[in-house]
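Numbering (my numbering), first residue to last: 358 to 604. Every residue gets a Cβ at the ideal spot worked out from N, C-alpha and C, and that includes glycine. Everything on this sheet refers to the single structure shown next.
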């Protein structure tokens, strides 16, 4: 009877997510992942994933699918509520990431990897870029555009990128601190951290346009935001070690 491939596949994924979060997506080799997973050679990794890129794609798919599903669920609820408030739409951008900070060690490690991938697309693959495009961020952007008619289109697009950067950077930084055993040093408990992050994100999208800014912008105030405003527009934090695996 053949052995269950599940444990080997999981061991490879776990080894990869640890190493990628610790050292960065760009520097970890296939051989290092295999050794960390307790395998003798690269055959197991090739069998399960086709290679290092395939493993990274599987890792991203595992976590980004959850982010997308949660984001679209929150967005659907916000739209169904027939309110024109910005906050429920911003929550659809913030909460899927903020909730992962309070998840397990894999979730927190992934937040650091996600920041790496969005910081430099050169570390990504065509498959991962497609996954990022299907993360639900464009749907959030379109609804934000409908609810921020006071913003010229160019400023709206820029603010959406600021929002994405804020979410990815802040959640990955907090995940990194927890992973290093510094959770007790964080200024805010988790629920207050999330509420405050949502407040800050709402402010990004709703702050009035100042006179100097208004004089410089040339964009119209109607229509959806232009330009990339999904998570792949955000920049990520520096890398540090993820926390040890929870038992």
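With distances taken Cα to Cα, identify the nearest neighbour of residue i among the options.
i: residue 522; options: 560, 545 and 472; result: 472
i: residue 564; options: 505, 544, 451 and 549; result: 505
i: residue 354; options: 373, 509 and 466; result: Residue 354 is absent from the structure shown; the chain starts at 358 and stops at 604.
i: residue 527; options: 511, 538, 547 and 490; result: 547
i: residue 368; options: 394, 475 and 384; result: 394
i: residue 371; options: 553, 384, 402 and 540; result: 402
i: residue 553; options: 533, 451, 540 and 410; result: 451
i: residue 425; options: 511, 454, 407 and 386; result: 454
i: residue 511; options: 488, 492 and 566; result: 566
i: residue 467; options: 571, 443, 423 and 560; result: 423
i: residue 440; options: 411, 410 and 503; result: 503
i: residue 463; options: 411, 529, 519 and 437; result: 529
Specify the secondary structure class of residue i as computed by DSSP and reduced to three states.
i: residue 453; result: helix
i: residue 387; result: helix
i: residue 491; result: coil
i: residue 570; result: helix
i: residue 564; result: coil
i: residue 544; result: coil
i: residue 602; result: Any reading at residue 602 must be qualified, since the residue scores a pLDDT of 34, below 50, and its modelled position is unreliable; the value itself is stated next. It is coil, neither helix nor strand.
i: residue 579; result: A caution first: residue 579 carries a pLDDT of 48, below 50, which makes its placement in the model unreliable, though a value can still be read off. Reduced to three states, the DSSP call for residue 579 is coil.
i: residue 501; result: helix
i: residue 363; result: helix
i: residue 431; result: helix
i: residue 508; result: coil
i: residue 513; result: helix
i: residue 526; result: helix
i: residue 536; result: helix
For residue i, which residues of its own chain have a beta-carbon under 7 Å away from its beta-carbon, when the five flanking residues on both sides are left out?
i: residue 557; result: 523
i: residue 449; result: 428, 431, 432, 435 and 497
i: residue 414; result: 482, 484 and 485
i: residue 488; result: 417, 418 and 421
i: residue 389; result: 376
i: residue 545; result: 553
i: residue 438; result: 445
i: residue 519; result: 561
Leaving aside the five residues before and after residue i along the sequence, list all residues of the same chain whose C-beta is less than 6 Å from its C-beta, in chain order.
i: residue 481; result: 474
i: residue 391; result: 399 and 402
i: residue 531; result: 458
i: residue 500; result: 446
i: residue 551; result: 455
i: residue 384; result: none
If you drop the 5 nearest sequence neighbours on each side, which residues of the same chain put their C-beta closer than 8 Å to that of residue i?
i: residue 535; result: 458, 465, 543 and 600
i: residue 365; result: 394, 396, 401 and 405
i: residue 408; result: 387 and 402
i: residue 470; result: 374, 377, 378, 382, 416 and 417
i: residue 443; result: 501, 504, 505, 559, 562 and 563
i: residue 540; result: 534
i: residue 570; result: 512
Looking at C-beta atoms only, is the number of pairs between the region 458–474 and the region 425–440 that lie closer than 8 Å three or more? no
To test your reading of the DSSP string, which unbroken alpha helix (DSSP H) runs of 4 or more residues are found completely within the region 372–429? 387–393 and 400–406
Sufficient close CB pairs (3 or more, under 8 Å) joining the region 376–383 to the region 418–429: no
Every unbroken alpha helix (DSSP H) inside the region 433–487 [4 residues or more]: 444–458 and 462–476
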